[in-house]
Every structure is written in structure tokens, then in C-alpha cells.
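In our numbering, the protein residues as written are 4 to 427.
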Ligand code: GLU
């Protein structure tokens, strides 16, 4: 099992994602018995580019934006990972997210390493024109270190296919070469893949279904709670309700709503189109904390990081947690949840459907042969179900958590690649 709780719970735990990622790597490397030289390489990104770039705002003024691209490890293939636009983007967060991408790509067997980018901005306050100029400005600023065989960006928090389209266009213009394989998560008309926008949620629900089967639970009439109603949360809620789950509660950045009999997800999606899930006064409001603490078969944190920590882990009553977001549970919380017998499907597995279909998109761009939706779904299911069982079987064998087992599989693969390349 994990470290002894007495050693880690004494001090206040860190919420710095970079330190958390390092600790997760160290923990799984210890179980694997990896050489410390290898661990030291994996505990830091290979390259972090910090950029600032001017953007002309609609009122004629110039604003300087800052952003980062972190490339963690490319032993197993070119870097891969999204770009987030958020006011709280921090270099340590971007580094951690790039480390999680290496683990994610490797655990599901994609020929990619890990990377991640972030721009400090609040897209909700930008006009469409300003958002376009920020997107183009950032991709130009990092263009030296990205490309179809170097590092391939994609969407993440508050970025979407439209943003990816502008980025791909900027790169193609700069190189005077049509380069769809340089960016994934693009609109369909310029080389996007069928099924990419729902892929994170679909992959997540596929792992939930396997975990429910392992627990001998029936999907019909089961209960679920979803935190976050962006692309992943909203689609996951819809897919779970299609499977027969009652969606007890959902939330977005403005608040949470609850119904013991189950919410109407379609209706909430309509509310969200023009505002927030809390826009109907008739719905029962609860707090974000109350939402996380509800008793349910499945809890899906699909918002931001560090929402389940040492502070609230003992109040969580879900039976299965599937991390659609990156980094929602801290290592101390992980330990408490494991002691309570709660199954946590870790982010690096639960939300790997997104990057998996990004990989399919890249393959389609490189080969110029485009797949039908059914093929995307079939291939995605194979990857997710096989990866889930590989992780679950290893967790049983080592009597450890799914997170540690997922890291063990991924770290072993990266280590093999680094060894074969002669790095260690
Ligand atoms: N941003 C997503 C993630 O965290 C997708 C990355 C990708 O498609 O490259 O996995």
C-alpha cells in the first residue's frame, strides 16, 4: 500500500502540483524498484519555454500576455498535450501537467511523450478577436519547439476546436505548408477527427463501466455526481444518464444543483448554453463542498485540480471516483480514500480518452485517410478497456491503488524507451 499515513499527515500537505507530480512518480518508482538515476530524470521536465507576447486589444491598447510550454519527456515519442487558457496558470502547474501527460500517453500505449502549455488569461473577458490574437500570438511564440514530430498541442481548460483551428492556421502560414498534424482537437473541416470533442468523457465513462462491473454493480438506477459542466463534465453526465444512472448533482463555476430523484441533464445543458446550471431558481442549490460529499456510486470531478485534499477526503462518500479533470485529488487524500475502500480511477487513465483520439487524429492527418465515427469509437473502447484492466490487474497483484499501478506501467515503458535510446 502507499506510504504510512502517520508520516504524511503530520504536516500540512502541499498543493503545488509540481511537487505532487514528483511525489507520485517517486512513490510508484519505489514500488517498481526503479534506479534513482531514472527517477531523477523523470522528476523534472526536459524543457520549459517561458514566453511573453504583445496582443492588440479591441480598444487599441497593447497588452502583454505570458505563457509556458513544458516538455516533460520525449523518450517514447514526440511531446503531446493541451494548452490551457486560465487566469491562474502557473509554471509549476504546467510542468506537473506535462509530467501527467507522459504518464497518460504511456499508460494507454500511445507513441507520445508528455507536454503541456498554458497562457495566463481569462478568456471569458476577451472578445472573439482578442481570443484569436492571443491564440495566434502564443502559438507563434512557441513555434520553435513544436511540430508534428516534436510536440503536438491540443485543447485543454478553456480552449476549444476554434482555438486549435487558429493555431494550426498560424503554424501552416509560418511554414508555408499545410500542417494539420501539428495540432489536434481541430474542427472537422480542417482535419479534426470524428469523436474528438466527446472523447475525454466517453473514455472516462468506459472506465467507470469497467469499475462498476468489477464491483458487481448495476448501471440501471445507479447514482452519479459530476463536478464541472464544461465539455468533459457535461458529456459524461449525459452518457451516464443514457446508461441509466441518476445524476444527483452537477456544478459549474457559479454553483451546484441537486435532486435526490435525478436531474434532467439535457435541460441543464440548455441552461449552460446561455449561462449556468444554477440559472433555474426552481432547482435545489447546494455548495460545491456538499456536492463532493454526497453519497453516490460514482463521483466525477471534471473541473480543476486539488478539489479533494486531506481536508475533505474523509467526508467523501462515493464508491468510485473517476478523475475527468487533471489532478483533482492530492496524494494525502488518495491515501485516505484508499483506506476507506473508495476506488479512484486516476486522471492519467480516466481522462486519457481525449489524448487517445488526439492520437487517432494525428494518425489520420499524417496518413491523409479519415476514419468514420464507428471506427474511432471501437478503437477508443479497445484502448480504454484494455488499459483499465491492465492497470486494475497490476493494482491487485501489488495490492496498491489504481494510480500507483498506472504510474508503474507508464514509468516502466518510459524507462525502457530511455534505456534503449541509451539515456541511462
Ligand atoms: N488536454 C487533454 C489532456 O489533458 C488532451 C491532450 C491532447 O489531446 O493532446 O489529456
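Virtual Cβ for every residue (Gly too), placed ideally from N, Cα, C. Predicted model only: the values in this text are computed from it and were never measured.
Sheet register partners of residue i (DSSP bridge)
i: residue 346; result: 323
i: residue 263; result: Residue 263 pairs with nothing; no bridge assigned.
i: residue 255; result: 258
i: residue 58; result: 66
i: residue 186; result: In DSSP, residue 186 forms no bridge with anything.
i: residue 138; result: Answer is none; residue 138 lacks a bridge partner.
Alpha-carbon spacing of residue i relative to residue j, whole angstroms
i: residue 433; j: residue 427; result: With the chain represented from 4 up to 427, any question about residue 433 goes unanswered, as that position is not in the structure.
i: residue 72; j: residue 100; result: 10 Å
i: residue 6; j: residue 176; result: Note that residue 6 scores 48 on pLDDT, short of 50, meaning its location in the model is unreliable and no value can be drawn from it.
i: residue 91; j: residue 232; result: 19 Å
i: residue 59; j: residue 404; result: 49 Å
i: residue 166; j: residue 207; result: 24 Å
i: residue 25; j: residue 46; result: 5 Å
i: residue 425; j: residue 370; result: 30 Å
i: residue 4; j: residue 365; result: Any answer about residue 4 is weak, because its pLDDT of 42 lies below 50 and its placement is not dependable; what the coordinates show is given next. Approximately 38 Å, taken between the alpha carbons.
i: residue 8; j: residue 388; result: Confidence in residue 8 is poor, its pLDDT being 48 and thus under 50, which makes the residue's placement unreliable; the coordinate value appears in the next sentence. Cα-Cα distance, rounded: 32 Å.
i: residue 272; j: residue 237; result: 7 Å
i: residue 107; j: residue 113; result: 9 Å
i: residue 110; j: residue 33; result: 18 Å
i: residue 182; j: residue 362; result: 15 Å
i: residue 285; j: residue 291; result: 18 Å
i: residue 296; j: residue 230; result: 11 Å
i: residue 168; j: residue 423; result: 36 Å
i: residue 171; j: residue 152; result: 15 Å
i: residue 70; j: residue 217; result: 42 Å
i: residue 224; j: residue 309; result: 30 Å
i: residue 144; j: residue 133; result: 16 Å
i: residue 44; j: residue 94; result: 18 Å
i: residue 276; j: residue 257; result: 14 Å
i: residue 20; j: residue 28; result: 12 Å
i: residue 180; j: residue 67; result: 29 Å
i: residue 147; j: residue 402; result: 45 Å
Contact under 9 Å by Cβ, residue i with residue j
i: residue 117; j: residue 178; result: no
i: residue 360; j: residue 79; result: no
i: residue 331; j: residue 317; result: no
i: residue 239; j: residue 204; result: yes
i: residue 355; j: residue 336; result: no
i: residue 358; j: residue 115; result: yes
i: residue 409; j: residue 352; result: yes
i: residue 102; j: residue 83; result: no
i: residue 188; j: residue 198; result: no
i: residue 288; j: residue 270; result: no
i: residue 266; j: residue 251; result: yes
i: residue 211; j: residue 348; result: yes
i: residue 150; j: residue 185; result: yes
i: residue 81; j: residue 155; result: yes
i: residue 126; j: residue 162; result: yes
i: residue 323; j: residue 311; result: no
i: residue 228; j: residue 157; result: no
Within-9 Å CB hit, residue i to chain D
i: residue 348; result: No chain D appears in this structure, which consists of one protein chain only.
Beta-carbon separation (whole angstroms), residue i vs residue j, contact threshold 8 Å
i: residue 302; j: residue 328; result: Between residue 328 and residue 302 the Cβ distance is about 12 Å, and since that is not below 8 Å, they are no contact.
i: residue 259; j: residue 294; result: 4 Å
i: residue 23; j: residue 304; result: Actually they are not in contact, since the Cβ atoms of residue 23 and residue 304 sit about 15 Å apart, beyond 8 Å.
i: residue 142; j: residue 174; result: 6 Å
i: residue 414; j: residue 37; result: 6 Å
i: residue 346; j: residue 214; result: 6 Å
i: residue 51; j: residue 421; result: Actually they are not in contact, since the Cβ atoms of residue 51 and residue 421 sit about 19 Å apart, beyond 8 Å.
i: residue 89; j: residue 160; result: 5 Å
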